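Notes follow the structure.
Number of protein chains: 2
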Amino acid sequence: MSGWLVVAGLGPGAEHLVTPEVSVALAEATDVVGYIPYVARVAERPGLTLHASDNRVEVERAAHALQMAAEGRRVVVVSSGDPGVFAMASALFEALEARPEWQALDIRILPGITAMLAAAAAAGAPLGHDFCAINLSDNLKPWALIEKRLRLAAEADLAMAFYNPRSKSRPEGFVRALDLLRETCGPDRLVTFARAVSTPEQHLRTVTLGEATPEMADMRTVVIVGNSATRRVGRWVYTPRSAG
Amino acid sequence: MSGWLVVAGLGPGAEHLVTPEVSVALAEATDVVGYIPYVARVAERPGLTLHASDNRVEVERAAHALQMAAEGRRVVVVSSGDPGVFAMASALFEALEARPEWQALDIRILPGITAMLAAAAAAGAPLGHDFCAINLSDNLKPWALIEKRLRLAAEADLAMAFYNPRSKSRPEGFVRALDLLRETCGPDRLVTFARAVSTPEQHLRTVTLGEATPEMADMRTVVIVGNSATRRVGRWVYTPRSAG
Numbered sequence: 001m002s003g004w005l006v007v008a009g010l011g012p013g014a015e016h017l018v019t020p021e022v023s024v025a026l027a028e029a030t031d032v033v034g035y036i037p038y039v040a041r042v043a044e045r046p047g048l049t050l051h052a053s054d055n056r057v058e059v060e061r062a063a064h065a066l067q068m069a070a071e072g073r074r075v076v077v078v079s080s081g082d083p084g085v086f087a088m089a090s091a092l093f094e095a096l097e098a099r100p101e102w103q104a105l106d107i108r109i110l111p112g113i114t115a116m117l118a119a120a121a122a123a124g125a126p127l128g129h130d131f132c133a134i135n136l137s138d139n140l141k142p143w144a145l146i147e148k149r150l151r152l153a154a155e156a157d158l159a160m161a162f163y164n165p166r167s168k169s170r171p172e173g174f175v176r177a178l179d180l181l182r183e184t185c186g187p188d189r190l191v192t193f194a195r196a197v198s199t200p201e202q203h204l205r206t207v208t209l210g211e212a213t214p215e216m217a218d219m220r221t222v223v224i225v226g227n228s229a230t231r232r233v234g235r236w237v238y239t240p241r242s243a244g
Numbered sequence: 001m002s003g004w005l006v007v008a009g010l011g012p013g014a015e016h017l018v019t020p021e022v023s024v025a026l027a028e029a030t031d032v033v034g035y036i037p038y039v040a041r042v043a044e045r046p047g048l049t050l051h052a053s054d055n056r057v058e059v060e061r062a063a064h065a066l067q068m069a070a071e072g073r074r075v076v077v078v079s080s081g082d083p084g085v086f087a088m089a090s091a092l093f094e095a096l097e098a099r100p101e102w103q104a105l106d107i108r109i110l111p112g113i114t115a116m117l118a119a120a121a122a123a124g125a126p127l128g129h130d131f132c133a134i135n136l137s138d139n140l141k142p143w144a145l146i147e148k149r150l151r152l153a154a155e156a157d158l159a160m161a162f163y164n165p166r167s168k169s170r171p172e173g174f175v176r177a178l179d180l181l182r183e184t185c186g187p188d189r190l191v192t193f194a195r196a197v198s199t200p201e202q203h204l205r206t207v208t209l210g211e212a213t214p215e216m217a218d219m220r221t222v223v224i225v226g227n228s229a230t231r232r233v234g235r236w237v238y239t240p241r242s243a244g
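Chains A and B, in that order, give the protein sequences.
Residue 226 in UniProt numbering sits at position 226 of the first sequence, and the numbers go up by one each step.
Residue 196 in UniProt numbering sits at position 196 of the second sequence, and the numbers go up by one each step.
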């Protein structure tokens, strides 16, 4: 039996946002590996072993998946959203860098609908012009670098999508981010808080930066700050295609 | 009959990257509207009218779709990739802004796999840390603004994904963009040219900025420039999750 490893994006939550490519990989897998809530989205069946693990062990999880593929198993590492956006794909390559003998394995990354694009679609089209995606967690980078990026993105007048805006353990970062954005973008700039998009718990709210409070976000929220031209039309928010 | 309008992302090209949500909308539609090559991806069937139009008439196309939905038809406006990323969703809201009486219509935006994420998955994980997405076409914004954004994105050490890098009519922009990037990011920075991702014509090439030439891109190419930590591992290119 020839093993393989797939890193698959399950999309933001709804079944109808899982690509057929990912569904086929899951149907052919012998093993599914991932963070507990993502593995819970995969249906159990005979012949499939589910390996759920906790957060913050991404490289160990990736190494475990590679080891199983090297032993001939068909392994899917599941990510929420898209595996290449603040998810498991980079952790996989970090593990692969440490173990060159695994680089000859059959490895594929399967894209998925990432949270910011599902959130943007639900809200309208706030990312319809140039934009950036920034992970606000300072687990893996210094907070000063996050602030620097926010200032430069504001100066570039990019719309911004924020992942992991507010952790329970370090909620003060998002307070500072909102202060910085109010200062650089002004209080009238539109910001959309999109929680649990595409799930039954979906909640969307668009306010101005002047109205925004840190409690509007948690770790299941994607935050989208518009650019200087972002505006409301009817019940939607969108960014025009043109600028300057 | 109650009409509706959906703006749907068909993904980068492969059938297996079209979400089930989009497939259902297409199966229920009476009319499909879009740019010629995207409408060509929708199978003809009795009861479905295909309305293919040329490029650069996005707002007129959106108004036509809204008009048909107002008349009770079930209309899908198709975009390549994700409709909210340099595609039809913003044009739809521009049309809607001009005609408030259409704002009460049943309108939904359905996300899709956007080209940069399919390209990133095919190449590895070059967008695995903070990144930006910039449309290099200067049809709808001044070239000076593009250059400003490139400089600021480089200063922020963001990875960058470029859409519409090189038009036939104005190829000189991409020459200047590459020069600017070589100057600000240095000649060793990795850049991936991903053409026609997920189609039979898919072609991927990763080189350094020092090696990159404008001819490596055309309008079917997404270009991904890594950040300062982006590197190769085996046959892949990836950006580590950590920085600073």
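The beta carbon of each residue, even a glycine, is placed where N, CA and C say it ideally should be.
Quantities reported herein were computed from a predicted structural model and do not represent experimental measurements.
Closest to residue i by CA distance: which of the options is it?
i	options	result
A70 (chain B)	B:C132, B:F174 and B:L5	B:L5
R56 (chain B)	B:E211, B:S137, B:R189 and B:A144	B:S137
A90 (chain B)	A:G128, A:V59 and A:A120	According to the sequence as given, residue 90 (chain B) is Ser; it is not Ala. Minimum Cα distance to S90 (chain B) is reached at A:G128.
E183 (chain A)	A:V191, A:A154, A:A196 and A:L158	A:A154
P181 (chain B)	B:N227, B:T199 and B:K141	Residue identity differs from the one stated: residue 181 (chain B) is Leu in this sequence, not Pro. When only C-alpha atoms are compared, the closest one is B:N227.
Q202 (chain A)	A:A122, A:I224, A:G244 and A:A52	A:A122
F162 (chain B)	B:I134, B:R235 and B:R73	B:I134
I107 (chain B)	B:A115, B:I113, B:L204 and B:A95	B:A95
G210 (chain B)	B:S198, B:D218 and B:T192	B:T192
M88 (chain A)	B:A125, B:P100, B:R73 and B:A87	B:A125
A52 (chain B)	B:A40, B:T199 and B:A63	B:A40
L103 (chain B)	A:T208, A:A120, A:G234 and A:L190	Sequence inspection shows Gln at residue 103 (chain B); the Leu mentioned does not correspond to that position. The shortest C-alpha separation from Q103 (chain B) is found at A:G234.
K168 (chain A)	A:N139, A:R189, A:G3 and A:I146	A:N139
V222 (chain A)	A:L17, A:I146 and A:M116	A:M116
V22 (chain B)	B:R220, B:V225, B:M219 and B:I113	B:I113
T206 (chain A)	A:R231, A:V59 and A:K148	A:R231
Y238 (chain A)	A:S2, A:W143, A:A119 and A:M216	A:A119
P187 (chain A)	A:A217, A:T208 and A:L204	A:T208
V24 (chain A)	A:W143, A:A229 and A:L110	A:L110
V7 (chain B)	B:A43, B:D82, B:M216 and B:P46	B:D82
A63 (chain B)	B:V42, B:R189 and B:P100	B:P100
R61 (chain B)	B:G47, B:A43, B:P46 and B:F93	B:F93
A144 (chain B)	A:A156, A:L190 and A:M216	A:A156
A189 (chain A)	A:M216, A:L204 and A:V225	Note that residue 189 (chain A) is Arg in the sequence shown here, rather than Ala. For the residues A:M216, A:L204 and A:V225, the minimum Cα distance to R189 (chain A) belongs to A:V225.
What are the boundary residues of the beta strand (DSSP E) that residue i is part of?
i	result
R31 (chain B)	For clarity, residue 31 (chain B) is Asp in the given sequence; the question names Arg instead. D31 (chain B) -> beta strand (DSSP E) spans D31 to Y35.
L204 (chain A)	H203 to T208
S53 (chain A)	T49 to S53
F162 (chain B)	A159 to Y163
T221 (chain A)	T221 to V225
V233 (chain A)	R231 to V233
V237 (chain A)	W236 to Y238
In its own chain, which residues sit with a C-beta less than 8 Å from the C-beta of residue i, not counting the 5 before and 5 after it?
i	result
P214 (chain A)	R166, P171, F174, V175 and L178
R151 (chain B)	L180 and T184
T199 (chain B)	P12, G13 and A14
A244 (chain B)	According to the sequence provided, residue 244 (chain B) is Gly. The question's Ala does not apply to it. Closer than 8 Å at the Cβ level, and outside the excluded window around G244 (chain B), lies no residue.
N164 (chain A)	F86, N135, L136, S137 and M219
L105 (chain A)	G3, W4, L5, L66, A69 and A70
R149 (chain B)	C132 and I134
DSSP puts residue i in a beta bridge; with which residues?
i	result
M216 (chain A)	Partner(s): none; M216 (chain A) has no beta bridge.
R74 (chain A)	A:W4
G84 (chain A)	The partner list for G84 (chain A) (beta bridge, DSSP) is empty, contrary to what the question assumes.
G9 (chain B)	B:S79
Spatial neighbours of residue i within its chain, please: CB distance less than 7 Å, with the 5 preceding and 5 following residues excluded, ordered by chain position.
i	result
A65 (chain A)	L5, V33, V75 and V77
Y38 (chain A)	L10, V78, S79 and S80
V59 (chain A)	A91, E94 and A95
For the alpha helix (DSSP H) holding residue i, just list the boundary residues, first then last.
i	result
H64 (chain A)	E58 to A70
F174 (chain B)	E172 to C185
A194 (chain B)	Looking at the DSSP string, A194 (chain B) is not in any alpha helix (DSSP H); the run it does join, the beta strand (DSSP E), is L190 to R195.
V24 (chain B)	P20 to E28
Which same chain residues end up closer than 6 Å to residue i when comparing Cβ atoms and leaving out the 5 residues on each side of it in sequence?
i	result
F131 (chain A)	L158 and A159
M68 (chain A)	D31 and V75
A196 (chain B)	Q202 and R220
T49 (chain A)	D31
I36 (chain B)	A52
S242 (chain A)	none
What do you reckon, is the C-beta of residue i under 7 Å from a heavy atom of the ligand GTP?
i	result
P171 (chain B)	As for the ligand GTP, it is missing from this structure, which has no ligand bound.
*Unbroken beta strand (DSSP E) runs of length 3 or more, entirely within the segment 96-152 of chain B: which are they?*
107-110 and 131-135
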